[in-house]
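Down below is the structure, laid out as structure tokens.
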Amino acid sequence: MGYGITDPSQMIDVASINTYCNCMRSFLPSFTNIGQLIEDAGNICDENALRIDNLTMKPQLVEYGESVKNLNTQFASALDQICEDAAEIRAEQEREYYAWLEEEQRIRQCQFEEEEEGEEYGNRSL
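Just so you know, we're using the working numbering here: the sequence shown kicks off at 77 and counts up by one.
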């Protein structure tokens, strides 16, 4: 994949992405805590207390609590993937940039050599 990188300032900022992901990770325990509170509410309350039109919310609350707790794992996995992808993209961008830089240096060297040959030829013909 080509990124068109011709300057290091164009490369992805992996450090900032990692900082952002680590900040987001600090919120992950909240999912576990909130999920546990929802689950506890479902377990503590009497089925009749949670009944509306002969339907009870008790099983749903326990299920919802478990689902909220599982968000912790899902978000952690997504944040890990973001950090991994950012590092891979940065490595690809660096490879592309250094290949471009080498090609630019090769072109300049060829141009320099052509100019020198042209000057030598011009000096010989005088």
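Where is the CB? At the ideal position from N, CA and C, for every residue including glycine.
Sort out for me which residues DSSP pairs Ile128 with in a bridge. Position 52 of the sequence shown, counted from the start, is the residue given in the question as residue 128. Looking at the DSSP output, Ile128 bridges to Leu131.
Extract the residue ranges of the alpha helix (DSSP H) inside the segment 84-160, only unbroken runs of 4 or more that lie entirely within it. 90-101 and 104-120, all fully within the segment 84-160.
Under a Cβ-count criterion, where at least 16 other Cβ atoms within 10 Å of its own Cβ denotes burial, should Gly111 be classed as buried or exposed? As a first step, residue 111 is located in the sequence shown; it is residue number 35 there, counting from the start. Classification of Gly111: buried, given that the 10 Å Cβ count is 16 or more.
Please tell me whether Cys54 and Ile158 are closer than 8 Å, where the distance is taken between their beta carbons. Here the chain comprises residues numbered 77 to 202, so residue 54 is not present and cannot be evaluated.
Whole angstroms is fine: what's the gap from Glu115's alpha carbon to Leu147's? Residue mapping note: residue 115 aligns to position 39 of the sequence shown, counting from 1. Residue mapping note: residue 147 aligns to position 71 of the sequence shown, counting from 1. Approximately 14 Å, taken between the alpha carbons.
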